[in-house]
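Going down the list, the protein sequences come from chains P and F. Read the first sequence against my numbering and you will find it ends at 365, with the numbers running on by one and no gaps. Read the second sequence against my numbering and you will find it ends at 640, with the numbers running on by one and no gaps. Following: one structure in structure tokens, then a few remarks.
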Amino acid sequence: MNGIIFENVCKSYGETAVVKDLNMTIQEGERLILLGPSGCGKTTTLRMVAGLENITAGTLKMGGQVVNTVEPGARNIAMVFQNYALYPHMTIWENITFGLFIQKIPIEEIKARTKQALEILNLSGYEQRKPNELSGGQKQRVALCRSLVKQAPYFLLDEPLSNLDAQLRLQARTELVKIHNLYRPTFIYVTHDQVEAMTVGQRIAIMNQGALQQLDTPDVIYQRPANTFVASFIGSPPMNLLQGAFRDGALWIAGSRVNPPTKWHTLLAEHQELWIGIRPEQCCLSDTPMLHGQIEFVEHLGSQRCIHLRLHQDGQRLLCMLPADQPIPTGTVGVSFSWQHVNGFDGHVGKNIGLPNKISHNYAC
Amino acid sequence: MKINSYRDWYWHILLLLAVVIQLWPLLFMLSTSFKTMDQIFLSTLNPLPAKPVIDNYLYVLKNLPLVQYIVNTLLIASSITLAKIITSILAGFAFVYYEFSHKEKLFNTLLLTFFIPITVVMMPNYLLISKLGLLNTPWGVILPQLADGMGIFLMRQSMRNIPKPLLEAGRLENASPWVILTRIILPLIKPSVIAMGIVFFINSWNDYFWPLLILHDKPTYTLPLALQMFISAEGGSEWGIAMAVAMLTALPPLLLYLTCQRFIMNTFMQSGVKG
Chain P
1 MNGIIFENVC KSYGETAVVK DLNMTIQEGE RLILLGPSGC GKTTTLRMVA GLENITAGTL
61 KMGGQVVNTV EPGARNIAMV FQNYALYPHM TIWENITFGL FIQKIPIEEI KARTKQALEI
121 LNLSGYEQRK PNELSGGQKQ RVALCRSLVK QAPYFLLDEP LSNLDAQLRL QARTELVKIH
181 NLYRPTFIYV THDQVEAMTV GQRIAIMNQG ALQQLDTPDV IYQRPANTFV ASFIGSPPMN
241 LLQGAFRDGA LWIAGSRVNP PTKWHTLLAE HQELWIGIRP EQCCLSDTPM LHGQIEFVEH
301 LGSQRCIHLR LHQDGQRLLC MLPADQPIPT GTVGVSFSWQ HVNGFDGHVG KNIGLPNKIS
361 HNYAC
Chain F
366 MKINSYRDWY WHILLLLAVV IQLWPLLFML STSFKTMDQI FLSTLNPLPA KPVIDNYLYV
426 LKNLPLVQYI VNTLLIASSI TLAKIITSIL AGFAFVYYEF SHKEKLFNTL LLTFFIPITV
486 VMMPNYLLIS KLGLLNTPWG VILPQLADGM GIFLMRQSMR NIPKPLLEAG RLENASPWVI
546 LTRIILPLIK PSVIAMGIVF FINSWNDYFW PLLILHDKPT YTLPLALQMF ISAEGGSEWG
606 IAMAVAMLTA LPPLLLYLTC QRFIMNTFMQ SGVKG
């Protein structure tokens, strides 16, 4: 009942369209991440759910009701702002209980809810402090606490971890998932950090230039990106996108003839020009290579090494991950990959061409 | 280092000169109020009275209805200050919190009122007050001064400095605009409100021209009007008494300014208005 449905939702400021024709359903109680680069419209989308931005066109439904014109306060939403939005003149206790007093919740319940939330977030003992006496991590927990005590069916978070250092961010991610599991509100989380998205989200909605690119589970988005934008946005290092063409029953990449499994032929033949997407960790150095390239640079990443190759003939770049215990190769090397992990994208529109019905594994790494 | 210290001295001397020029009339007023009539004419420019006397103050306190004048001035200045604070806060809040058509145009029109000379509005205001039968009453002085463009501008600027998410957080908590104004905004802009109030109070306290037009009977006079009795044809040349009244008139706003100087400086510097 408490799901959120976007039907052809648009938002524009004057002539500038910020969100374009958004169609999306968020299930009740799920953790959905809105992910995308800066200016992609993800925060605007979240603010439309909160009622802080008007909807230019389309319909937004929450809990089965159209809420286009419903005031933010009447939507029963808890929101954590990027800069926490704690009232600087109020104590932590006053900050947390401010909304509860407005809702005229009995004082005994306010005390009980606040005590529980403070304990969950390790903030007991800080009640009488002012926000400026707290560290960034503590402020962030107070903001979470303020949203938690509201026990609203919708929990919105606008880049809540962006002001924290790496260590605290790791800790906070786990806390967020725990908080969600406490009473399972419908959870919308805006971030531009793909690690946060992959670890916190049950589903991820990737946006670019105001349009929804893909909405799916982290695994599907990682393994089967809907288009070249998602393929290059998700993953660090990103997916290799190699320009190729299907001619004479074979795929030609950088002047090399690559023989795809027979099942792929029909699919590839529909798109004469293609982008072939292969994750760097699915590429391996091989004695029976499919592609040849010159090593340009080797990045040391601790447990792995990232080899930067320049392919022969057309000079396309290919990244390849190797375990750190393997010797570092030099000069020209051969690379092969498994077709099980390959994604094909249309050369013109960049859309994923899909998978053949059955995939044979001819080239295991 | 030498060049720097030379420059510092240069500026210090200039500033000291400016301060002396600014303070000289005050000093003159203070010293004259403690002089006898003979001393005033014998040592006009000497700021230190040879034998300070408090006769002028005693005369003023005994012979003038000073309490009446203070009450009149206090009533008028406090009412105007309170009214201007309330209208400035409410109008400033409306400009910051609500979205309505022609908002910017309306605000710019309001700014234009800064540039209308007071003498231009004086006649229509006088006629209106006269028609309302409020001549010779404090309400005639108060009524045309219930709102102030500068106050609205200052409040809008102060409220705009509050991070927007704070107000949005309030809206999400279902707080009414009144709760957002009183519980979130006003505590955050308290120093600006105090500073603005002090400026309004001092201006109203010292206001001379408008009360002069409206108040005709001596019992309704404010302190600046009472002061005028001693430096006009009516008062003759009672300079010592005039300066004693001037001192008593200037003292409350001066003390108010000195105690709250910090708020005033911060507020006007933040809003980019030259005080």
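Backbone N, C-alpha and C fix where the C-beta goes; we use that ideal spot for every residue, glycine too.
Measure the C-alpha to C-alpha separation of residue i and residue j and round it to an integer number of angstroms.
i	j	result
residue 481/F	residue 440/F	27 Å
residue 333/P	residue 290/P	11 Å
residue 158/P	residue 112/P	27 Å
residue 88/P	residue 454/F	20 Å
residue 33/P	residue 197/P	6 Å
residue 311/P	residue 220/P	28 Å
residue 356/P	residue 218/P	22 Å
residue 293/P	residue 166/P	36 Å
residue 257/P	residue 330/P	24 Å
residue 366/F	residue 379/F	Confidence is the limiting factor: at residue 366/F the pLDDT is only 46, short of 50, which leaves the residue's position unreliable, though a coordinate-based value still follows. Cα to Cα, residue 366/F sits roughly 20 Å from residue 379/F.
residue 615/F	residue 608/F	10 Å
residue 106/P	residue 507/F	46 Å
residue 531/F	residue 543/F	15 Å
residue 414/P	residue 347/P	The displayed coordinates of chain P run from 1 to 365. Any statement about residue 414/P would go beyond what the structure contains.
residue 667/F	residue 631/F	This structure cannot settle anything about residue 667/F, because the visible part of chain F is limited to 366 through 640.
residue 446/F	residue 565/F	5 Å
residue 383/F	residue 572/F	25 Å
residue 255/P	residue 316/P	11 Å
residue 419/F	residue 430/F	18 Å
residue 92/P	residue 240/P	48 Å
residue 150/P	residue 536/F	14 Å
Closer than 7 Å by C-beta to residue i: which residues in its own chain qualify, once you throw out the five before and the five after it? Chain order, please.
i	result
residue 414/F	396, 399, 400 and 404
residue 147/P	78, 79, 80 and 155
residue 177/P	200
residue 460/F	468, 472 and 521
residue 43/P	158 and 190
Tell me which same chain residues have a C-beta within less than 6 Å of the C-beta of residue i, skipping the five on either side of it?
i	result
residue 161/P	169 and 172
residue 283/P	320, 335 and 337
residue 115/P	none
residue 490/F	509
residue 40/P	207 and 208
residue 202/P	30 and 31
residue 351/P	227
residue 603/F	595
residue 59/P	7 and 66
residue 299/P	306
Is the CB of residue i under 7 Å away from at least one CB in chain F?
i	result
residue 79/P	yes
residue 301/P	no
residue 73/P	yes
residue 85/P	yes
residue 180/P	no
residue 89/P	yes
Can you tell me whether residue i is helix, strand or coil according to DSSP?
i	result
residue 406/P	Absent from the model: residue 406/P. The displayed extent of chain P is 1 to 365, so no value can be given.
residue 313/P	coil
residue 257/P	strand
residue 437/F	helix
residue 578/F	helix
residue 20/P	strand
residue 12/P	strand
residue 202/P	coil
Is there a Cβ of chain P sitting closer than 7 Å to that of residue i, yes or no?
i	result
residue 533/F	yes
residue 435/F	no
residue 530/F	yes
Between residue i and the rest of its own chain, which residues show a CB-CB distance below 8 Å, the 5 nearest in sequence each way excluded?
i	result
residue 578/F	487 and 491
residue 365/P	Unreliable placement is indicated for residue 365/P, whose pLDDT of 35 sits below 50; no coordinate value is reported for it.
residue 452/F	511, 512, 513, 516 and 517
Taking a cut of 9 Å between CB atoms, which residues from the segment 402-432 of chain F lie near chain P?
none
Can you list, in chain order, the residues of the segment 95-121 of chain P whose Cβ is nearer than 8 Å to any Cβ on chain F?
98, 99, 102 and 103
Using a beta-carbon distance cut-off of less than 7 Å, what residues from the segment 134-150 of chain P approach chain F?
none
Chain-ordered residues of the segment 537-565 of chain F with a beta carbon less than 8 Å from chain P
537, 538, 539, 540, 544, 548, 549, 552 and 553
Just by C-beta distance, which residues in the segment 1-16 of chain P are closer than 9 Å to chain F?
Look at the segment 1-16 of chain P: it has no residue with a C-beta under 9 Å from a C-beta of chain F.
In the segment 36-53 of chain P, which residues sit with their C-beta less than 9 Å from some C-beta in chain F, listed in chain order?
For the segment 36-53 of chain P, which is checked against every Cβ of chain F, the residues closer than 9 Å are 47, 50, 51 and 52.
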